[in-house]
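Numbering (my numbering), first residue to last: 29 to 457.
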């Protein structure tokens with residue numbers, strides 16, 4: 029293996045395992061094979077066939093155990109990763125667990141994860157229970173678990189398999205991934221992220237995970253599992269990587285790439301995890317947080333990914349009025365192909381919330397009717413779980429409060445409300 033300054037050798041585990049649980053009251057009334065047979069026609073055939081094959085092989089085991097024989101799952105951690113009160117109550121009331129375990133070699137496809145999740149979801153759906161993903165410490169509704177499995181083309185959303193938790197420390201926010209070890213890759217981490225980049229950097233981490241996972245699986249395509257895979261020291265992340273990770277590859281305009289330096293941070297405690305750290309490229313002057321903010325500005329076209337404002341002062345009112353007065357002209361230029369080359373039109377609009385509207389941005393993909401825009405969200409919403417980065421959205425023109433034309437450097441036209449928020453004064457109309 030050639031070791032250079034351009035690549036980082038990352039160790040490859042010999043095998044990978046997946047474990048899923050289905051809590052039951054009493055012994056389950058169905059076998060795993062019967063439950064999986066019931067998915068015929070509902071699950072994409074590559075995965076349905078894979079689940080049936082692994083059930084009949086020594087690579088998978090399905091056991092029913094009294095719940096006391098299995099290590100207790102910590103309710104506080106389950107809650108932290110989204111478990112609801114009813115799900116925790118069903119787990120507490122369960123007398124038995126259906127334990128689905130599978131093993132497979134590192135590489136793509138991750139047959140152990142896909143097959144084990146499919147079998148557990150089939151059993152849980154049949155007996156009216158939940159799926160517990162032991163690796164992610166997550167409860168999954170059976171129908172939701174099935175939706176995370178590959179479609180007929182073998183495509184999945186990485187956000188269904190990799191979480192990005194974060195916490196605060198003295199230097200800012202500490203982000204990690206939780207899910208890349210399913211595929212044999214070390215988890216990622218970033219430290220010193222500014223507080224205001226919470227949602228944006230979570231999306232960047234997800235995009236970086238997608239890019240590195242592709243490089244990782246490309247290095248595992250041979251017949252033999254190598255001892256190491258060489259990953260590029262400078263990882264390139266684009267808006268397209270983020271959109272693909274969120275399951276919307278066709279819904280994202282081009283963005284300039286962002287470079288992140290990859291470093292191996294081995295654990296000093298044998299019981300702790302090692303990480304791949306994402307840092308600014310060598311030679312970057314200033315704090316890391318400044319580079320992370322610039323990276324988000326590039327990937328999200330120079331606008332804040334989720335912006336709220338509640339003030340109705342004169343400057344903001346003038347900014348909104350100026351933006352709305354220009355909607356007819358900017359629509360005509362957009363539809364007539366008269367915007368500058370290599371630019372994107374985005375609009376800011378309001379989503380209803382308990383504390384007032386939440387204002388988010390969306391890239392415009394079509395504007396056939398003056399009253400309605402079809403586009404793709406540029407941010408995750410705090411108030412609407414269906415509005416996520418890269419997801420398709422329909423925007424009523426009456427809800428628009430701003431628009432902007434963007435190139436690779438940021439806003440080149442419009443953005444009046446953003447200017448008020450950032451600098452206190454709108455640009456001259």
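Where is the CB? At the ideal position from N, CA and C, for every residue including glycine.
Predicted model, so just to flag it, every value in this text is computed and none were measured.
Apart from the 5 residues on each side of it in sequence, residue 98 sits with its Cβ closer than 8 Å to the Cβ of 49, 125, 127 in its chain, given in chain order.
Between residue 192 and residue 205, the CB-CB gap stays under 8 Å. Going by C-alpha positions, residue 312 is about 15 Å away from residue 220. One Cα belongs to residue 288, the other to residue 316, and the distance between them is close to 11 Å. By the Cβ test, the region 223 to 243 is not in contact with the region 160 to 180, since fewer than three Cβ pairs between them sit closer than 8 Å. Two segments are said to touch when three or more pairs of C-beta atoms, one from each, lie closer than 8 Å; by this definition the region 286 to 305 touches the region 210 to 227. Just measuring C-alpha positions, the residue of 379, 398, 322, 396 sitting nearest residue 388 is 379. With contacts defined by Cβ atoms closer than 8 Å, residue 402 and residue 422 form a contacting pair. Within 10 angstroms of the beta-carbon of residue 414 lie fewer than 16 other beta-carbons, which makes it exposed. By the C-beta density criterion, residue 53 is exposed, having fewer than 16 other C-beta atoms within 10 angstroms. Residue 38 is not a Cβ neighbour of residue 83, given a cutoff of 8 Å. Beta-bridge partners of residue 401 (DSSP): 423. The beta carbon of residue 432 is closer than 6 Å to those of 374, 439, 442, 443 in its chain, skipping five residues each way along the sequence.
The three-state reading of DSSP puts residue 181 in coil, since its state is none of H, G, I, E or B. Contact between the region 261 to 276 and the region 226 to 236 is present, with at least three C-beta pairs closer than 8 Å.
Taken through DSSP and simplified to helix, strand or coil, residue 319 comes out as helix. When the beta-carbon positions are compared, residue 131 and residue 45 come within less than 8 Å of each other.
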